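Q: Mind having a look at this structure? Questions to follow.
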Amino acid sequence: MGRVFHVPAGSVRSAHRRAAGLPVAAAADAATQQTQQTSRPRAGFVAGYLAPHPPHLVYAENPPQNEPRSTGGWEVLRWGYEELRRRLRRHAPDVLVVHAPHWITMVGHHVNCVPRPRGVSVEPIFPHLFRYHYDFATDVGLAEAIVDEASAAGLVTSALREEGVRVDYATIGALHLANPAWDIPVVSLSANNNPYYYSEASLAEMEVLGAATARAVARTGRRAVLLASNSLSHLHWDTEPELPEDMSAERPFSHQQYAGDMALLQTIREGPTARLKTAIPEHIAATQAETKSGSLTWLLAAMGWPDIAGDVLAYGTVIATGNAVVEWVAP
Amino acid sequence: MTPVAGALVPGMPQLRAAEPAVSWKELGAAVEEVGERFRARGVETVLLMSTQWFTVLGHQVQCDARVAGSRTDENWYGYEYGRLRYDLTVDGELAHGWADAIDAAGLQARRTRYPGFPIDTGTITAAALLDQAGAGRWAMVSCNLYADPSAMAEVAGAGVRAADGLGRKVGVVVVSGLSSGLLQRWIAPAEDRIADPAHDRWNRKVLDLVRAGDRDGVLALREEYARAADVDSQFRAFAFLAGSGVVDGPGEVLAYGPVWGTGAAVVWWEPGRQ
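In the order they appear, the protein sequences are chains A and B.
Quick note on our numbering: the first sequence kicks off at 1 and runs consecutively.
Quick note on our numbering: the second sequence kicks off at 332 and runs consecutively.
Below, the structure written as structure tokens:
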């Protein structure tokens, strides 16, 4: 594929919320104006999803944006994402707000404020699986509001306005798997952690960032869906079968890792989310869970730790890591 | 054949800042000095491992004959030193030989050759300072996040064996910091300091062992040092150097100082002069 893939903006579902003929970037601006002009029900967060990003899931789907071709694999997780897509359409959000662990920022929390990120994301760890041509619209108004609110809350922040920064595969992966049409504007947030020093995100800061995100969404009147781009248990194989999608090689890293994931998912299914304030750190300690980058804590904090249970749409392993697709619908 | 020389250099882009802190300038000049020494000793190719090219599956070897382009660092994009250009010539014969030797050692090599493959900030920064004319050749391997020190040493040894097989005169460079402790705020260069005095003490203690040529002492202390000072990639970079055979004697510390709160050093080893 020698071109940047681009899907024209505007689904049938979202057309009524956008001025006719507007490209998706302009639609993001129009959303601000429209919010100011009309009174729509349920502005704020309508749902949040744990939306893991293994590049294998994108690779297995063979979308036109991704160069490598596969013969499939990891179907159960991908069926979970198909259900997520159906539900997302029903939620009809103005914007998807995603926090991803592979936009690694050593200093502070960054928000992508580039109006139209586009390029090719060749994944440095899985280049044989993920060479993705991306082109999407940022909801700049909301992105800037999150920067303002987070900064006012005392967090070190930065608004990314440089066009040359490659968008990472955890951001693209979660967004593609949730909405392969890319017809909903996006706000993407970085993870303030640093794997080559093995430092983890401060979950306390993620609470602050989540609350700041909530205030920004309220201030701008957006109808938002949140995506936490995290896997669960994170020990994995360090080699790969010759055929990456050889499912005979796919299984949990250990019973302990699997059991840790099941314990967390049981807590999620039972609710309320407040129980996860202790369950998430315990799960991280037990399984090296990728939620240590803070995305899930940010999501639940943004939603105000609602008194609800989550709906587990799918669970499966990818090179032995645990991955679950989970929905929380705002009460 | 033992490599001609080896070096530890930092990979933080501040070393190329237009208005650097004193330590950034000293560290950058020291990396340039390493490059000059390599050229003076007739090094043909540099075997390079950067901790910022971190991977999790096997050991990736860059096999593209030429990697060129621009990189805007995802954290430092707001500074001129975060907007980087690079044009590196890969010693393809040695790169493939290195990958073969890694496989032969029972590890998994992954040959990387993809247009647009992102080159990490550490590699670009180090290469630009080591070889300002852009005339050098490189053989580059990734840093597997989960590889234990013995595997890191094995990967380095494989590179040296591959170079031997080709009769190549090589230098070895690891791109790695020392203590972490990144300052979590946007600072002016003059504000830079090692974030934690305990980190500073640990860095100096290890560098004293390096100066004394106590390779085994450093390796024995590595794990404790890594824990106490949150060292970049658990200082497995030193295990890599040890596997290449260049750190059997005293190291010359050309520079040491802070980069945004982290500890950074430029160290030179030259086996033939020990």
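The C-beta atom is built at its ideal place from N, Cα and C for all residues, glycine as well.
Everything numeric in this text was worked out from a predicted model, so none of it was measured.
#1: Out of B:D531, B:S575, B:L552 and B:V577, point me to the one whose CA is closest to B:Q565's CA.
#2: For A:T239, does the count of other Cβ atoms within 10 angstroms reach 16, so buried, or fall short, so exposed?
#3: If you reduce the DSSP assignment to three classes, tell me which class A:T157 lands in.
#4: List the residues of chain A whose Cβ lies closer than 8 Å to the Cβ of B:P449, in chain order.
#5: At least one CB of chain B closer than 8 Å to the CB of A:D307: is that the case?
#6: Straight-line CA distance for B:A568 to B:S507?
#7: Between A:D111 and chain B, is there a C-beta pair that is closer than 8 Å?
#8: When you compare the CB positions of A:A137 and A:P63, do they come within less than 8 Å of one another, or not?
#9: So, is the C-beta of A:L160 closer than 8 Å to a C-beta in chain B?
#10: For A:G154 and A:G108, what's the separation of their Cα atoms in angstroms?
#11: So what does DSSP say about A:M106, is it helix, strand or coil?
#12: Name the chain B residues that come within less than 8 Å of A:P127, Cβ to Cβ?
#13: Give me the Cα-Cα distance between B:G342 and B:V504, rounded to the nearest whole angstrom.
#14: Using C-beta distances below 6 Å, list every residue in its chain close to A:T32, excluding the 5 sequence neighbours before and after it, in chain order.
#15: Please confirm if the segment 401-416 of chain B is in contact with the segment 431-441 of chain B, defined as three or more CB-CB distances below 8 Å between the two stretches.
#16: Let me see if you follow: with CB-CB separation under 8 Å, is B:L461 close to chain A or not?
#17: Of the choices B:A560, B:A336 and B:P449, whose alpha-carbon is the least far from that of B:S473?
#18: Excluding the five sequence neighbours on either side, which residues of its own chain have a C-beta within less than 6 Å of the C-beta of A:R275, listed in chain order?
#19: By the criterion of Cβ-Cβ separation under 9 Å, what are the contact partners of A:T171 in chain B?
#20: Closer than 8 Å, CB to CB, is B:N534 near chain A or not?
#21: Looking at the C-beta of B:E555, does it have a partner C-beta in chain A at a distance below 8 Å?
#22: Whole angstroms is fine: what's the gap from B:A435's alpha carbon to A:I125's?
#23: Quick one: does A:G108 have its CB under 8 Å from some CB of chain B?
#24: Do B:T593 and B:G512 have their CB atoms nearer than 8 Å?
#25: For the alpha helix (DSSP H) that A:R299 lies in, which residues bound it at each end?
#26: Can you tell me whether DSSP reads B:T333 as helix, strand or coil?
#27: Let me check one thing: in DSSP terms, what residues is A:N323 bridge-paired to?
#28: Buried or exposed: which applies to B:R516, given that a residue is buried once 16 or more other Cβ atoms fall within 10 Å of its Cβ?
#29: Output yes if chain A places a C-beta closer than 8 Å to the C-beta of B:Q393; else output no.
#30: Using Cβ-Cβ distances below 8 Å, what residues of the segment 230-262 of chain A are close to chain B?
#31: Please classify A:A27: is it buried, with 16 or more other beta-carbons within 10 angstroms of its beta-carbon, or exposed?
#32: With which residues is B:D418 paired in a DSSP beta bridge?
#33: What residues are listed by DSSP as bridge partners for A:D311?
#34: In its own chain, which residues sit with a C-beta less than 7 Å from the C-beta of B:R499, not counting the 5 before and 5 after it?
#35: Helix, strand or coil, according to DSSP, for B:T454 in the structure here?
A: On the basis of the coordinates in this document:
#1: B:L552
#2: A:T239 counts as exposed, since fewer than 16 other C-beta atoms from the protein chains shown sit within 10 angstroms of its C-beta.
#3: strand
#4: Think of a sphere of 8 Å around the beta carbon of B:P449: the chain A residues whose beta carbon falls inside it are V122, P124 and R166, in chain order.
#5: no
#6: Rounded to the nearest whole angstrom, the C-alpha separation of B:A568 and B:S507 is 7 Å.
#7: According to the sequence shown, residue 111 of chain A is Val rather than Asp. No, A:V111 does not count as interfacial toward chain B.
#8: No. Outside cutoff.
#9: Yes, contact with chain B.
#10: 11 Å
#11: A:M106 falls in the coil class under three-state DSSP.
#12: Contact annotation for A:P127 against chain B: T443, Y445 and F448 [CB-CB distance below 8 Å, chain order].
#13: 11 Å
#14: Any reading at A:T32 needs caution, since the residue's pLDDT is 44, under 50, leaving its predicted position unreliable; the model's value is listed next. Excluding positions up to five away in sequence, the list reads G141.
#15: no
#16: No, its Cβ sits nowhere closer than 8 Å to a Cβ of chain A.
#17: Among B:A560, B:A336 and B:P449, the Cα nearest to that of B:S473 is on B:P449.
#18: T267
#19: Here the premise fails: no neighbours, minimum Cβ distance about 11 Å.
#20: no
#21: It does not; no Cβ of chain A falls within 8 Å.
#22: Going from the Cα of B:A435 to the Cα of A:I125 covers about 22 Å.
#23: yes
#24: yes
#25: For clarity, residue 299 of chain A is Leu in the given sequence; the question names Arg instead. First-last of the alpha helix (DSSP H) with A:L299: S295 to A302.
#26: B:T333 carries a coil assignment under DSSP once its states are collapsed to helix, strand and coil.
#27: BP columns for A:N323 point to A:G316.
#28: exposed
#29: no
#30: H236, W237, D238, T239 and E240
#31: With a pLDDT of 43 at A:A27, under the threshold of 50, the predicted position of this residue should be treated as unreliable, and no value is reported.
#32: B:A399
#33: A:E327
#34: E375, T376 and L425
#35: Here B:T454 sits in helix by DSSP.
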